[in-house]
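Residue numbers (the UniProt record's numbering): 1 to 84.
Remarks on the structure that follows.
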Amino acid sequence: MRAATMSGFQFAHLETYARKPKDGRGTGFIFGEAARRPEASVHVETPSQPVVVYGQTVEAVERLHDERATAAKTATKAGRTRTR
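Take a look at the structure:
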């Protein structure tokens, strides 16, 4: 079996967003931009509706994100847990 080879540059760019940002954009805005909501798409003259190529709609992914973020818990230094 022949191993797959890659040519050219390979990179990834990741950004994180808070659900309740102090400054800047939060997850609500990012999901709004992906769904082409008017308040999040002011930088595009005539935004078209998103096309689902594979998977779920933006709204379904946002609901899933919110459910999982609400259920997420973090351990504190004191040994307690807190909801994120």
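Cβ coordinates follow ideal geometry from the N, Cα and C atoms, glycine included.
No experiment lies behind these values; they were computed from the predicted model shown.
Here DSSP, grouped into helix, strand and coil, assigns Ala12 to coil. Looking at the backbone, the Cα of Arg36 and that of Ser48 are separated by about 7 Å.
DSSP places Ala18 in the coil class of the three-state scheme, outside both helix and strand. In its chain, beyond the 5 residues on either side, no residue has a beta carbon closer than 7 Å to the beta carbon of Glu67.
If you draw a straight line from the Cα of Ala4 to the Cα of Thr57, it is about 32 Å long.
Distances from the CA of Ala72 to each of Arg82, Ala78, Arg63 were compared; the closest alpha carbon is that of Arg82. Residue burial annotation: Glu39 is exposed, with fewer than 16 other C-beta atoms found within 10 angstroms of its C-beta. Counted as a single uninterrupted DSSP element, the stretch harbouring Arg37 is not any beta strand (DSSP E), since DSSP gives it neither H nor E. Cβ atoms of Pro50 and Ala34 come within 8 Å of each other, at about 6 Å.
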